[in-house]
Amino acid sequence: MKQAYIFPGLNALLRRTDRLRYLGRPRVKKYLHHAEEIIGDHFHQRMSFLDFLEGSVEDIYSIQNISVAAVAICSIQTAVAEELAEKEGPPDFVMGCSLGDLARAVFAQAYSFEDAVVNHIKFTQKIDGIDKIGRNIGVLAPKSQVFTDEDYQWFSDIAVDVSCLTPRFLNIGGRFQELEKVEERAKDKSWNTMKILEYPAHSRYILPYVECVREDFHSVKVRRPSIPMYSSFSATPISDPVAIREEFLLSICKPIHWNQAVQAICRNDGVTRFVNIGPCKSLSGLMRDIPVEVDIQVEDACRLYDSF
Numbered sequence: 001m002k003q004a005y006i007f008p009g010l011n012a013l014l015r016r017t018d019r020l021r022y023l024g025r026p027r028v029k030k031y032l033h034h035a036e037e038i039i040g041d042h043f044h045q046r047m048s049f050l051d052f053l054e055g056s057v058e059d060i061y062s063i064q065n066i067s068v069a070a071v072a073i074c075s076i077q078t079a080v081a082e083e084l085a086e087k088e089g090p091p092d093f094v095m096g097c098s099l100g101d102l103a104r105a106v107f108a109q110a111y112s113f114e115d116a117v118v119n120h121i122k123f124t125q126k127i128d129g130i131d132k133i134g135r136n137i138g139v140l141a142p143k144s145q146v147f148t149d150e151d152y153q154w155f156s157d158i159a160v161d162v163s164c165l166t167p168r169f170l171n172i173g174g175r176f177q178e179l180e181k182v183e184e185r186a187k188d189k190s191w192n193t194m195k196i197l198e199y200p201a202h203s204r205y206i207l208p209y210v211e212c213v214r215e216d217f218h219s220v221k222v223r224r225p226s227i228p229m230y231s232s233f234s235a236t237p238i239s240d241p242v243a244i245r246e247e248f249l250l251s252i253c254k255p256i257h258w259n260q261a262v263q264a265i266c267r268n269d270g271v272t273r274f275v276n277i278g279p280c281k282s283l284s285g286l287m288r289d290i291p292v293e294v295d296i297q298v299e300d301a302c303r304l305y306d307s308f
C-alpha cells in the first residue's frame, strides 16, 4: 500500500484544540524552541510560541502575525511528520495544501528548517495593505451537488481566482466588490460561504507582493527532495529544485488544484493511504468528497499518535 503524508495550510490553527493538540510532544516543543532561537538570532525578536498559540484567533491571524503563524504550523507539522515516519517508516509521497508546502519541503529535506523560518518571515515583511485589496472565502455547494462549467465560467468572467479543493468546495480569492457578487450568487444557488482569510490568497491580486521579492528569492537554497514530493498546483510529482522554489511563490498567488492532485496521485502513482499531518482535520474531511477510482484510507496523525 502506497501512502502519502498531506499537510494542511494556514487554516491549521483556527481552532484552539488544534493549536494545542501537539504541544505536549517533546519534538514539537523542540522545533518551536528552535524557531524562537532562529527568530531571535536573525530578527532580534524575543517570543514564545506557546504563549502565541494560547492567543485569540484574531491575534494569531492578524496581518502582522501571519508569518509567525506560518512558522508555528511548519514547526508542528515537521515534528509530527518526522515522528510518524520514525514509527511507521517514511511515506511514498508528501503533498502540501497551500502553506503546507513549506513543511512538506522541510520534511522531505528539500529546504532547511532554518531557511524556511528566516525566508518566510523575511519575504512577508512588506505586505502592508494586502488586507485592503480583497479577501479569501470558501464556497460550499449543497450535498449531492457540484460546481458546474457554467459556474466556473461565471467566476472567470467576474475575475476571481478559484482553487478547486473538492468538486463541491472552492477557495476563492478576489477583490471585495467581486466577492460580494459571489456571495449574492451563493444565496440564489443555496451555496454556503465562509470567511477564510482577510486578504486575497491564491489570487492574481497579490502578485505585486510576490514580484517585489522574486529577484531576491532566487538566492533561496533548495535541494532535490529525499522523499518524492507532489504538487497541488500541477498535480504531478516535483523534484527539480528550481521548480520547488518557484512553487513557494506560486503558493501565494496562484489557485490550488487539490481535487485534481489527489485524483492524479491515486490514479497515476497508486497511492491509497493518506495521513493528514494536521494539526487540524480539515483535509481529512475534504478527502471524503473527492471522487477517486480506488478505495482510499484517510487517517489523522493525531489518531496514530494515540497508538505510540
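Sequence positions in the sequence shown follow the working numbering and run 1 to 308.
Ideal Cβ positions, reconstructed from N, Cα and C, are used throughout, including at glycine.
To the nearest angstrom, how far is the alpha carbon of residue i from that of residue j?
{"i": "residue 145", "j": "residue 202", "result": "24 Å"}
{"i": "residue 64", "j": "residue 13", "result": "16 Å"}
{"i": "residue 91", "j": "residue 97", "result": "17 Å"}
{"i": "residue 301", "j": "residue 120", "result": "25 Å"}
{"i": "residue 26", "j": "residue 215", "result": "38 Å"}
{"i": "residue 5", "j": "residue 176", "result": "35 Å"}
{"i": "residue 34", "j": "residue 245", "result": "23 Å"}
{"i": "residue 59", "j": "residue 281", "result": "22 Å"}
{"i": "residue 49", "j": "residue 29", "result": "9 Å"}
{"i": "residue 225", "j": "residue 183", "result": "41 Å"}
{"i": "residue 143", "j": "residue 189", "result": "12 Å"}
{"i": "residue 234", "j": "residue 259", "result": "11 Å"}
Determine whether the beta carbon atoms of residue i and residue j lie at a separation below 7 Å.
{"i": "residue 265", "j": "residue 230", "result": "yes"}
{"i": "residue 208", "j": "residue 133", "result": "no"}
{"i": "residue 7", "j": "residue 104", "result": "yes"}
{"i": "residue 75", "j": "residue 32", "result": "yes"}
{"i": "residue 165", "j": "residue 286", "result": "yes"}
{"i": "residue 271", "j": "residue 2", "result": "yes"}
{"i": "residue 198", "j": "residue 135", "result": "yes"}
{"i": "residue 213", "j": "residue 110", "result": "no"}
{"i": "residue 161", "j": "residue 228", "result": "no"}
Does at least one heavy atom of the ligand SAH sit under 6 Å from the Cβ of residue i?
{"i": "residue 275", "result": "With respect to small molecules bound, the structure shown includes none, and the ligand SAH cannot be examined in it."}
Alpha carbons only, please: which of the options is nearest the one belonging to residue i?
{"i": "residue 314", "options": "233, 68 and 25", "result": "As displayed, the chain neither begins before 1 nor continues past 308, which places residue 314 out of reach and without an answer."}
{"i": "residue 275", "options": "94, 102, 177 and 57", "result": "94"}
{"i": "residue 220", "options": "238, 242 and 23", "result": "242"}
{"i": "residue 78", "options": "87, 66, 210 and 100", "result": "100"}
{"i": "residue 296", "options": "192, 269, 217 and 193", "result": "269"}
{"i": "residue 37", "options": "71, 23 and 187", "result": "71"}
Does the pairing of the stretch 121-140 with the stretch 167-180 give three or more beta-carbon distances under 8 Å?
-> yes
Is the stretch 9-20 touching the stretch 109-129 in the sense that three or more CB pairs, one from each, lie closer than 8 Å?
-> no
Can we say the stretch 48-56 touches the stretch 120-138, given the rule of at least three CB pairs closer than 8 Å?
-> no
Would you call the stretch 254-272 and the stretch 282-299 touching, i.e. three or more CB-CB distances under 8 Å?
-> yes
Going along the chain, which unbroken runs of the beta strand (DSSP E) with 3 or more residues stay wholly within the stretch 91-171?
-> 93-96, 134-140 and 161-166
Just list the alpha helix (DSSP H) runs in the stretch 31-73, keeping only unbroken ones of 4 residues or longer that don't cross its boundaries, in chain order.
-> 49-53 and 57-60
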